[in-house]
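I have placed the structure first, in the form of structure tokens, so that the comments after it can refer back to it.
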Amino acid sequence: MNTWVTLVDTYSRLAKRGKEFTRRTRPVQRRLALFLAVVGPGIITSNVDNDAGGISTYSAAGAQFGYTLLWSLIPMTIALYVSEEMCARMGVVTGKGLSDLIREEFGFRSTFFVMIAALAVDLFNTVAEFSGIAEGGEVLHVSRYISVPLAALVVWLLVVYGTYRIVEKIFLVACAFYLSYVASAFLAKPNWMFAAKQVVVPSVHMNAPYLLMLIGLVGTTIAPWQFFYMQAGFVEKRVGPRQYKHARLDVLVGSISCMAIVFFIIVACAATLNVHGLTNISSAKEAALALVPLAGKWAGGLFAFGLLNASLFAASILPLSTAHVICEGLGFEAGLDRKFKEAPTFYSLYTMLIVVGAGIVLIPRAPLWKILLYSQVGNGIWLPVVLIFILLLINRRDLMGEHVNGWTFNVIAWGSSIIMIILTLILVYVAIFNPSAAGLSGSLSHPHAPPWHIFTSLWRHAQHALSVI
Amino acid sequence: MLHATEILGAQAFDSSGNIVGRVKEMFIVPEEQPNRISRLLLSRGQYRPIVARFDQIAEVQPGRVKLTTDESALELYQPNEAWLAVQKDLLDQQIIDTNGRKVVRINDVDLADQLANGNTELRITEVDVGLPAAVRRLLQGVVPPMAIRRIQSKLPPRTIRWEFVNLIESDPLRRVKLRLTSQKLAQLHPADIADLMEELSPDERQSIIASLDEETAAETIAELDKRLQTQVVEKLDPEKAADIIEEMSPDEAADLIQNLEPAKSREVLEEMEGSEAREVQQLMSFDQKTAGGMMTTEFVVVGEDATRGEVVDFIRFHEVPPDQLDNIVLINREAVLSGTVPLARLLLADGETRMGEIIFEPLLSVRPDARDTEVFEIFDKYNLRSLTVVNEENHPIGSITVDDIVSRLCAKI
Numbered sequence: 001m002n003t004w005v006t007l008v009d010t011y012s013r014l015a016k017r018g019k020e021f022t023r024r025t026r027p028v029q030r031r032l033a034l035f036l037a038v039v040g041p042g043i044i045t046s047n048v049d050n051d052a053g054g055i056s057t058y059s060a061a062g063a064q065f066g067y068t069l070l071w072s073l074i075p076m077t078i079a080l081y082v083s084e085e086m087c088a089r090m091g092v093v094t095g096k097g098l099s100d101l102i103r104e105e106f107g108f109r110s111t112f113f114v115m116i117a118a119l120a121v122d123l124f125n126t127v128a129e130f131s132g133i134a135e136g137g138e139v140l141h142v143s144r145y146i147s148v149p150l151a152a153l154v155v156w157l158l159v160v161y162g163t164y165r166i167v168e169k170i171f172l173v174a175c176a177f178y179l180s181y182v183a184s185a186f187l188a189k190p191n192w193m194f195a196a197k198q199v200v201v202p203s204v205h206m207n208a209p210y211l212l213m214l215i216g217l218v219g220t221t222i223a224p225w226q227f228f229y230m231q232a233g234f235v236e237k238r239v240g241p242r243q244y245k246h247a248r249l250d251v252l253v254g255s256i257s258c259m260a261i262v263f264f265i266i267v268a269c270a271a272t273l274n275v276h277g278l279t280n281i282s283s284a285k286e287a288a289l290a291l292v293p294l295a296g297k298w299a300g301g302l303f304a305f306g307l308l309n310a311s312l313f314a315a316s317i318l319p320l321s322t323a324h325v326i327c328e329g330l331g332f333e334a335g336l337d338r339k340f341k342e343a344p345t346f347y348s349l350y351t352m353l354i355v356v357g358a359g360i361v362l363i364p365r366a367p368l369w370k371i372l373l374y375s376q377v378g379n380g381i382w383l384p385v386v387l388i389f390i391l392l393l394i395n396r397r398d399l400m401g402e403h404v405n406g407w408t409f410n411v412i413a414w415g416s417s418i419i420m421i422i423l424t425l426i427l428v429y430v431a432i433f434n435p436s437a438a439g440l441s442g443s444l445s446h447p448h449a450p451p452w453h454i455f456t457s458l459w460r461h462a463q464h465a466l467s468v469i
Numbered sequence: 470m471l472h473a474t475e476i477l478g479a480q481a482f483d484s485s486g487n488i489v490g491r492v493k494e495m496f497i498v499p500e501e502q503p504n505r506i507s508r509l510l511l512s513r514g515q516y517r518p519i520v521a522r523f524d525q526i527a528e529v530q531p532g533r534v535k536l537t538t539d540e541s542a543l544e545l546y547q548p549n550e551a552w553l554a555v556q557k558d559l560l561d562q563q564i565i566d567t568n569g570r571k572v573v574r575i576n577d578v579d580l581a582d583q584l585a586n587g588n589t590e591l592r593i594t595e596v597d598v599g600l601p602a603a604v605r606r607l608l609q610g611v612v613p614p615m616a617i618r619r620i621q622s623k624l625p626p627r628t629i630r631w632e633f634v635n636l637i638e639s640d641p642l643r644r645v646k647l648r649l650t651s652q653k654l655a656q657l658h659p660a661d662i663a664d665l666m667e668e669l670s671p672d673e674r675q676s677i678i679a680s681l682d683e684e685t686a687a688e689t690i691a692e693l694d695k696r697l698q699t700q701v702v703e704k705l706d707p708e709k710a711a712d713i714i715e716e717m718s719p720d721e722a723a724d725l726i727q728n729l730e731p732a733k734s735r736e737v738l739e740e741m742e743g744s745e746a747r748e749v750q751q752l753m754s755f756d757q758k759t760a761g762g763m764m765t766t767e768f769v770v771v772g773e774d775a776t777r778g779e780v781v782d783f784i785r786f787h788e789v790p791p792d793q794l795d796n797i798v799l800i801n802r803e804a805v806l807s808g809t810v811p812l813a814r815l816l817l818a819d820g821e822t823r824m825g826e827i828i829f830e831p832l833l834s835v836r837p838d839a840r841d842t843e844v845f846e847i848f849d850k851y852n853l854r855s856l857t858v859v860n861e862e863n864h865p866i867g868s869i870t871v872d873d874i875v876s877r878l879c880a881k882i
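From first to last, the protein sequence lines stand for chains A and B.
Quick note, the first sequence lines up with residues 1 to 469 if you use the numbering used here.
Quick note, the second sequence lines up with residues 470 to 882 if you use the numbering used here.
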């Protein structure tokens, strides 16, 4: 009897407390709901950055240099956040896409060249994504002649039959699959304390391969097409200035989570491949295969699954975003809510990108690594142009009103943009002219050589290249 | 026919053949003429720019403008908000093609030149949104003009007549100065206007709502998707919002106000007329997912003994809007629901028929707390166009119409 009374009593007290909890947290719940209504574009865009090319670069970085490049993640997070935040702000304040704004403020001709560049670079990027699908599939014992056409079909169906809301949810789930890299890193049993220390304490090495890898990291992490996609995402979600702080939080969470995944990829490779002396890794596929004997079947499988997911994810966004941007900028009808007859250019471009992108990967003995390289070169050339357009637009008071960049923000934004531009241009130079690392390190081999020697050395290479032309 | 981009950047010569400057901009002065190029802005390097009036233009050719007067006769340029600038306000901007019901971007502006009292007048005839104009703008100055014309003639043209162009200006003060109206736009179906608005930026949407009369604005807002609805209404000032919402049916109004921020919805309700505000508040108290949350309180109720003729007279006298006429609700002397008469039966009956004789069988009604799925099933089973909602005493308190059912089911897909 007594127990019964106590039970009832406890229950009623618990129920009361539960009610009290819901009542007290109501403002929090409301705020959370408001945030969840806005969330999406920032997280998706940042994560889709870790695409096939990105994962290959991160694996190589971890394999070759162990934990020593981890310190670059914090400055890269800042640069990523600063540049993406500007686009988010532009989308929220003006309610227009980036290509719309470029068209309205810089006229037809500039827009046309930006769009042609977009088409060329994004086509290369799409091929790179499909080759990521092929490689990820092959590690998991699926032939590319099955995985690539299937992926192309899935991408096509998703976009043609999905509404923005559903597609966005699928994309958010895809973001969650990036956690497979976290699992992979844990299976690799790294030295966590050492890794954490390397994030905070920079350990810069002054040799050419190290610096080139550093530049490569920056170049693959910040891709120009993502700015167009993210701004369009906020416009399409009809996020207004009132919800701007939620949008900013979305971008922040995105940048940080993107970089966290990069951290785990580098750590997974550093703890296994680097420690066992397998430093010469050139692709994500090699990394996944090399992981199997060192960290187990699961670690390698999860790594490959992550690659497959990332590539598929990027392959669904890239062609769509490209077709959208080009049609909007040049004034063709665009959008999935239109029929083929109403928007023929849009659908043709979209289909062309998928068919050509997947098709090239299926050609036997296609030089895929070259395409991957060119896609990064293309990104590198195109990024400065896009960043400068963004910085010019965001400082236009007639467009942004009180939301123009503040003085400090401008210093950070211009500063980080100029650094990114210089770094990517060096990457482009190296990728095109491939100055032998020996030649570069030759000038740096002296232990007391000042760090700027790499630039004087590059300058010599540039002069040489120019004289050849 | 000339194109605006062929004249922008052209060299201007005075009557004695000396170079005056380059055409930097062309202005329409809406208070003088709605489609005439009334001023040319000429830039002169380090000197201040000057303006040539329409009657000072002798001749216009691609890349070359000849004036009737001397340079000294031209005025200095003063910026004027009431002038519509072809380059800044038209080229590359979005407009609404009210004929094709589309939002499009202008690639070029086509002008007709006609001689008038010894000078040449330029009038805007069409805006060019097609491929030929795009190619022209891309190749201008790179490829000889004749070659451009040849390429252009092979491409399919797409132009919109100037009278079908509805300009979008987001600054309300400038709208007034430019004398922009939305007469053509307002003639479209509200659902089409709503579709067009969804393609524009928030400020532009606001300016369109501001330019419509309250009734059209109400119908248009009702057709927008939920998120945009609240965004548009929250940006209006409460008085204007209340005026527009009063034009809506109570159930639409209740749905809308419910989604607004609490502070804003209170303000709007305070601005609304007492009886309408009460009705809306009553509807808002029902759960959205029940019959009460779906019903409207505006419907036609008559006694069961009334004849067809009396009912039709009643409807005419009160000017009942057609969307409330799907069903006529009948009550007996105790004000208890005794049946409904579908419009089609009313139409076919003769004038002396009593309403009680043509009621729809079986007698259907739901309580306000009935679940929405239950309501969907009744609509589906009996192929209804509307369903009466009754309270505990069986008095009719509202009516659910099929359009609400369709939009709710669509939202679920």
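In this text, a Cβ means the ideal position worked out from N, Cα and C, and glycines have one as well.
Source: prediction; values computed, not measured.
Cβ neighbours of residue i in the same chain (closer than 6 Å, five flanking residues each side left out)
i	result
A:Ile469	In this predicted model, A:Ile469 has a pLDDT of only 46, less than 50, meaning its place in the structure is not dependable; the value taken from the coordinates is given anyway. Here the set comprises nothing.
B:Ala479	Val492, Gly532, Arg533, Val534
A:Ile390	Met86
A:Ala358	Phe130, Val148, Ala152
A:Tyr58	Val262, Ile265, Ile266
B:Ser876	none
Endpoints, the beta strand (DSSP E) within which residue i is located
i	result
B:Pro811	806 to 811
B:Ile575	No beta strand (DSSP E) holds B:Ile575; DSSP gives it neither H nor E.
B:Tyr516	516 to 522
B:Leu509	506 to 513
B:Pro865	865 to 870
B:Asn635	634 to 636
Element boundaries [alpha helix (DSSP H), containing residue i]
i	result
B:Lys733	731 to 740
A:Leu308	297 to 330
B:Ser680	671 to 680
Interface residues of chain A facing residue i [CB-CB closer than 7 Å]
i	result
B:Asp782	What B:Asp782 touches in chain A: nothing, since even the nearest Cβ is about 46 Å away.
B:Pro671	Gly95, Gly240
Neighbourhood of residue i by C-beta distance below 7 Å, restricted to the same chain and skipping five residues each side
i	result
A:Tyr145	Leu362
A:Thr126	Ala315, Leu318, Pro319, Leu353, Gly357
A:Ala223	Asp49, Asn379
B:Asn635	Ile564, Ile565, Thr567, Ser651, Lys653, Leu654
B:Ile869	Ala760, Met763, Met764, Val844, Ser855, Leu856, Val858
Contacts that residue i makes with chain B (C-beta to C-beta distance below 9 Å)
i	result
A:Phe112	Ala603, Arg606, Leu607
Residues near residue i in its chain [Cβ-Cβ closer than 8 Å; skip 5 each side]
i	result
B:Gln583	Thr589, Glu590, Arg592
A:Val199	Leu70, Trp71, Leu73, Ile74, Phe263
A:Val114	Ser99, Ile102, Gly329, Val385, Val386, Phe389
B:Asp872	Asp792
B:Leu545	Arg517, Pro518, Ile519, Val520
A:Glu84	Gly42, Thr45, Ser46, Gln226, Phe227, Met230, Val251, Gly254, Ser255
B:Glu863	Reading off the sequence, residue 863 of chain B comes out as Asn, not Glu. Excluding residues within five positions, the ones whose Cβ falls inside 8 Å are Val805, Leu806, Ser834.
Closer than 9 Å at the beta carbon, the chain A residues around residue i
i	result
B:Val598	Gly331
B:Asn728	Within 9 Å Cβ-Cβ: nothing; B:Asn728 doesn't reach chain A, min ~12 Å.
Counterpart residues of residue i in DSSP-defined beta bridges
i	result
B:Asn487	BP columns for B:Asn487 are empty, so no partner.
B:Lys535	B:Phe482, B:Glu528
B:Asn588	B:Ala585
Neighbouring residues, chain A, relative to residue i (Cβ below 8 Å)
i	result
B:Asn413	Residue numbering for chain B in the displayed model covers 470 to 882; residue 413 of chain B lies beyond these limits and cannot be assessed.
Chain B contact residues for residue i, given Cβ-Cβ distances below 7 Å
i	result
A:Glu104	Asp561, Gln562
Which residues, taken in chain order from the stretch 686 to 710 of chain B, show a beta carbon closer than 7 Å to some beta carbon of chain A?
Arg696, Leu697, Gln700
Short of 9 Å Cβ to Cβ, which residues in the stretch 557 to 574 of chain B face chain A?
Leu560, Asp561, Gln562, Gln563, Lys571, Val573, Arg574
Residues of the stretch 53 to 75 of chain A whose Cβ lies closer than 9 Å to any Cβ of chain B, in chain order:
none
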